[in-house]
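Trainee: This is the structure I want to talk about, given as structure tokens.
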Amino acid sequence: APAFDVAAVREDFPILARTLHEHPLAYLDSAATAQRPRAALDAEIAFLESSNSAVHRGAHTLAADATDAFESAREVVAGFVGAAPEQLAWTSGATAGLNLAAYAIGNASAGRGGRAASRFRLFAGDEILLTEAEHHANLIPWQELAARTGARLRHIPVREDGTLDMDAAARLVSDRTRVVAFAHVSNVLGIVNPVAELVELARMVGATTVLDACQSAPHLRLDLPALGVDLAVFSGHKLFGPYGVGALYGRTDVLEALPPFLTGGSMITTVTLNEAEYLDPPQRFEAGTQPVSQAVGLAAAVEYLGRIGHDAIAAHEASLALRMRDGLRGIEGVRLLGDAADAERVALWSFDVDGVHAHDVGQFLDSRGVAVRVGHHCAQPLHRRFGLTATVRASAALYTTEDEVDRMLEAVSGVREFFGVTS
Ligand code: PMP
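Take the sequence shown: its letter number 382 is residue 386 in UniProt numbering, and every next letter is one higher.
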């Protein structure tokens with residue numbers, strides 16, 4: 005394989021040429037929203053300039069072209085995660101996908117979807133198992149579902165080193181467990197969770213598994229059918245693609261049995277004033293006008309990743325992850341979250357700087373051209389578990405350079421002195 009050339013990769017991302025306060029931009033916030041390659045920007049514009057129209061409707065040529073582009077995009081994005089096109093429904097993002105899963109299971113619990121859907125049914129006293137490390141998007145929809153059904157929430161604890169306590173997980177799973185939902189990679193800890201083990205635990209008791217693949221899809225080679233999860237979600241804007249698009253993957257038997265969440269146009273066969281019959285998946289989950297140009301842009305983004313190659317990207321990012329870790333470990337007053345020995349991880353580190361609020365750290369870094377995320381990163385319970393309210397998070401992607409990491413490290417090294425912290 006050709007050697008990975010980060011400088012050449014950077015040429016493909018127009019925004020990376022800009023400056024920030026007269027410094028070259030060092031964008032270390034890809035875990036929040038990743039930058040888009042020219043190929044993804046161009047694909048979306050080309051679609052809008054040539055084929056923009058309503059898909060799956062109308063007999064005119066533009067509508068047919070748009071439908072072809074939309075369905076080809078589905079094939080490409082499904083293929084990117086090892087799935088067949090009919091196993092992938094478009095959503096507006098991971099949050100929408102997780103709400104879809106929780107509300108669809110809620111509809112099944114309310115007796116909707118007939119016999120096939122009864123496998124998802126939750127009764128009072130049933131349990132939904134999550135982890136302490138979830139993004140709010142994978143917590144609150146389940147809190148709402150628990151409130152509607154009388155189910156109980158349980159949470160797999162996170163150990164001090166950031167790994168999941170799998171002994172506790174084994175104890176928490178019982179024949180009351182009906183749903184097990186968890187992140188593939190936590191957006192705060194960066195550690196790859198043991199999906200196979202969690203799926204195995206869930207399978208032993210017949211629980212439905214829901215994987216939040218937001219932070220794994222941009223970095224790992226995903227084969228969702230091989231992982232064995234029932235449902236999975238991810239977001240386009242974290243995967244070098246557009247805002248407002250994402251996907252829900254489902255095992256074929258699961259999607260076929262799952263009732264819809266949103267209802268309306270485009271997801272039906274026959275409608276009377278009092279009843280409607282629904283299309284098969286994935287259209288059953290795609291009510292209303294879909295994010296068509298965004299899907300086309302996302303497909304171009306994952307095709308771009310395919311051209312660069314997962315292995316080359318993974319090797320580059322693995323060395324960045326170590327460089328960040330070693331550098332941050334060496335800075336006085338810095339406490340890394342999730343610094344588990346030997347954990348498989350992505351190039352994402354959250355840390356606390358003793359005596360300086362994360363927001364001040366973020367502003368100080370910004371003034372030096374380094375863009376990081378600060379705050380609770382939509383994971384308040386996880387921060388609380390570590391006795392913190394906010395952290396600084398630096399996250400890398402395929403276009404991140406060692407120099408950018410070093411600039412971040414240098415800035416962090418100076419932050420306590422700048423704010424007059426003495427220790
Ligand atoms: N889950 C995880 C792990 C995330 O990192 C994010 C985005 N921060 C989400 C869910 C929600 O994604 P979106 O805002 O794109 O719906």
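No residue lacks a Cβ here, since even glycine has one placed at the ideal position from N, Cα and C.
Would you mind sorting residue 491 into buried or exposed? The rule is 16 or more other CB atoms within 10 Å of its CB.
Mentor: No answer is possible for residue 491: it lies beyond the span of the chain, which begins at 5 and ends at 427.
Trainee: Nearest to residue 456 by alpha carbon, out of Gly-366, Gly-418 and Arg-388?
Mentor: The question about residue 456 has no answer, for the chain in this structure spans 5 to 427.
Trainee: Count the other C-beta atoms from every protein chain shown that fall within 10 angstroms of the C-beta of Asp-346, then say buried if there are 16 or more, exposed otherwise.
Mentor: Position 342 of the sequence shown, counted from the first residue, corresponds to residue 346. Exposed, by the Cβ-count rule.
Trainee: Is any heavy atom of the ligand PMP found at a distance shorter than 8 Å from the C-beta of Asp-356?
Mentor: Walking along the sequence shown from the start, residue 356 turns up at place 352. Checking every heavy atom of the ligand PMP against the Cβ of Asp-356, none is found closer than 8 Å.
Trainee: On the three-pair Cβ rule with 8 Å, is the region 236–244 touching the region 150–168?
Mentor: In short, these stretches do not touch, since the Cβ pair count stays below three.
Trainee: Would you kindly check if the distance between the Cβ of Ser-270 and the Cβ of Ala-251 is under 9 Å?
Mentor: If you number the sequence shown from 1, residue 251 lands on position 247. If you number the sequence shown from 1, residue 270 lands on position 266. No.
Trainee: Identify which residue in Arg-78, Ala-77 and Ser-57 has its Cα closest to the Cα of Ala-68.
Mentor: Along the sequence shown, one-based indexing puts residue 68 at 64. Among Arg-78, Ala-77 and Ser-57, the Cα nearest to that of Ala-68 is on Ser-57.
Trainee: Quick one: residues in its chain with C-beta nearer than 6 Å to the C-beta of Leu-266, no 5 flanking neighbours on either side, listed in chain order?
Mentor: The count along the sequence shown starts at 1 and reaches residue 266 at position 262. Excluding sequence neighbours, Leu-266 sits near Ala-291.
Trainee: With DSSP as the reference, label Tyr-308 as helix, strand or coil.
Mentor: Here residue 308 is taken as the residue at index 304 of the sequence shown, counted from 1. Note: Tyr-308 maps to helix in three-state DSSP.
Trainee: Is Ala-112 helix, strand or coil by DSSP?
Mentor: Here the question's residue 112 lines up with position 108 in the sequence shown. Ala-112 falls in the helix class under three-state DSSP.
Trainee: For Leu-324, does the three-state DSSP call read helix, strand or coil?
Mentor: Your numbering for residue 324 matches position 320 in the sequence shown. Three-state result, Leu-324: helix.
Trainee: Relative to the C-alpha of Val-419, which candidate in Ala-200, Thr-393, Ala-100 and Val-374 has its C-alpha closest?
Mentor: Taking the first residue of the sequence shown as position 1, residue 419 is located at position 415. Answer by Cα proximity: Val-374.
Trainee: Between which two residues does the alpha helix (DSSP H) carrying His-387 extend?
Mentor: As a first step, residue 387 must be located in the sequence shown, where it is residue number 383. 384–389 is the span of the alpha helix (DSSP H), which, as asked, contains His-387.
Trainee: In angstroms with no decimal places, state the Cα-to-Cα distance between Arg-288 and Leu-52.
Mentor: The residue labelled residue 288 in the question sits at position 284 within the sequence shown. The residue labelled residue 52 in the question sits at position 48 within the sequence shown. Near 26 Å, if we compare the C-alpha coordinates of Leu-52 and Arg-288.
Trainee: Considering only the beta carbon of each residue, do Ser-122 and Arg-152 sit closer than 9 Å?
Mentor: One-based indexing of the sequence shown puts residue 122 at position 118. One-based indexing of the sequence shown puts residue 152 at position 148. For Ser-122 and Arg-152, no; Cβs fall outside 9 Å.
Trainee: Check whether the region 331–344 touches the region 299–316, counting contact only when three or more Cβ pairs, one atom from each stretch, lie closer than 8 Å.
Mentor: Judged by Cβ distances under 8 Å, the region 331–344 makes no contact with the region 299–316, as fewer than three pairs qualify.
Trainee: To which residues of the same chain is Ala-362 closer than 8 Å at the C-beta, ignoring the five residues directly before and after it?
Mentor: Taking the sequence shown and counting its residues from 1, the one referred to as residue 362 is at position 358. Taken in chain order, the residues that qualify are Asp-356, Val-378, Gly-379, Ala-394, Thr-395 and Val-396.
Trainee: Any beta carbon of chain B sitting closer than 9 Å to that of Tyr-247?
Mentor: Structure shown: chain B not included; a single protein chain is present.
Trainee: Along the chain, where does the beta strand (DSSP E) containing Ile-272 start, and where does it finish?
Mentor: Within the sequence shown, the letter at position 268 stands for residue 272. Taken as a continuous stretch (DSSP letters only), the beta strand (DSSP E) holding Ile-272 covers 272–275.
Trainee: Pairs of beta-carbons, one from the region 217–235 and one from the region 181–189, closer than 8 Å: are there three or more?
Mentor: Touching, yes, given that three or more Cβ pairs across the two stretches are closer than 8 Å.
Trainee: Who are the near neighbours of Ala-351 in its chain, counting only those whose CB is closer than 6 Å to its CB and skipping five residues on each side?
Mentor: The residue you call residue 351 lines up with position 347 of the sequence shown. Hits under 6 Å: Glu-321, Leu-324, Ala-325 and Ala-400.
Trainee: Is Thr-124 near Thr-212, with beta carbons less than 9 Å apart?
Mentor: Reading the sequence shown from its first residue, position 120 is the one you call residue 124. Reading the sequence shown from its first residue, position 208 is the one you call residue 212. Residue identity differs from the one stated: residue 124 is Phe in this sequence, not Thr. Closer than 9 Å, so yes.
Trainee: Around the Cβ of Gly-424, are there at least 16 other Cβ atoms within 10 angstroms (buried) or fewer (exposed)?
Mentor: Translated into positions along the sequence shown, residue 424 becomes position 420. By the 10 Å Cβ count, Gly-424 comes out exposed.
Trainee: Who are the near neighbours of Pro-41 in its chain, counting only those whose CB is closer than 7 Å to its CB and skipping five residues on each side?
Mentor: Position 37 of the sequence shown, counting from 1, holds the residue named residue 41. Contacts found: Asp-16, Phe-17, Phe-244, Ala-305 and Tyr-308.
Trainee: Got a sec: does the ligand PMP put a non-hydrogen atom nearer than 8 Å to the Cβ of Ser-113?
Mentor: Within the sequence shown, numbered from 1, the residue matching residue 113 stands at position 109. For the ligand PMP, not one heavy atom lies less than 8 Å from the Cβ of Ser-113.
Trainee: Kindly indicate which three-state DSSP category residue 2 falls into: helix, strand or coil?
Mentor: The structure shown has nothing for residue 2, since the chain only spans 5 to 427.
Trainee: For the beta strand (DSSP E) that Asp-356 lies in, which residues bound it at each end?
Mentor: Numbered from 1 along the sequence shown, position 352 holds the residue referred to as residue 356. Counting along the chain, the beta strand (DSSP E) containing Asp-356 begins and ends at 352–357.
Trainee: Near Gly-337, what residues of its chain come up, given a Cβ to Cβ distance below 6 Å and the 5 sequence neighbours on each side ignored?
Mentor: As a first step, residue 337 is located in the sequence shown; it is residue number 333 there, counting from the start. These residues qualify, in order along the chain: Val-357, Asp-358 and Arg-420.
Trainee: Restricting to runs no shorter than 4 residues, where is the alpha helix (DSSP H) found entirely within the region 48–116?
Mentor: Segments of the alpha helix (DSSP H) lying fully in the region 48–116: 65–84 and 98–113.
Trainee: Going along the chain, which residues of its own chain have a beta-carbon closer than 6 Å to the beta-carbon of Val-249, five neighbours each way excluded?
Mentor: Position 245 of the sequence shown holds residue 249. Excluding sequence neighbours, Val-249 sits near Gly-240, Pro-295, Gln-298, Ala-299 and Leu-302.
Trainee: In the structure shown, what three-state DSSP assignment does Ser-122 receive?
Mentor: As a working note, residue 122 is residue 118 in the sequence shown. The answer is helix: DSSP assigns Ser-122 an H, G or I state.
Trainee: Is the beta carbon of Gln-294 within less than 8 Å of some heavy atom of the ligand PMP?
Mentor: On the sequence shown, position 290 is the one that residue 294 refers to. No, since every heavy atom of the ligand PMP falls outside the 8 Å radius drawn around the Cβ of Gln-294.
Trainee: Val-214 and Leu-133 look like a contact to me (Cβ under 8 Å); what is the Cβ gap, rounded to whole Å?
Mentor: Here residue 214 is taken as the residue at index 210 of the sequence shown, counted from 1. Here residue 133 is taken as the residue at index 129 of the sequence shown, counted from 1. In fact, because the Cβ distance is near 10 Å, the residues do not count as touching under 8 Å.
Trainee: Is it the case that the Cβ atoms of Ala-137 and Val-192 are separated by a distance below 9 Å?
Mentor: As a working note, residue 137 is residue 133 in the sequence shown. As a working note, residue 192 is residue 188 in the sequence shown. Result yes, Cβ atoms of Ala-137 and Val-192 sit closer than 9 Å.
Trainee: Which parts of the region 236–286 are runs of the beta strand (DSSP E), unbroken and 3 residues or longer, counting only runs that do not cross its ends?
Mentor: Correct list: 250–254, 272–275 and 280–282.
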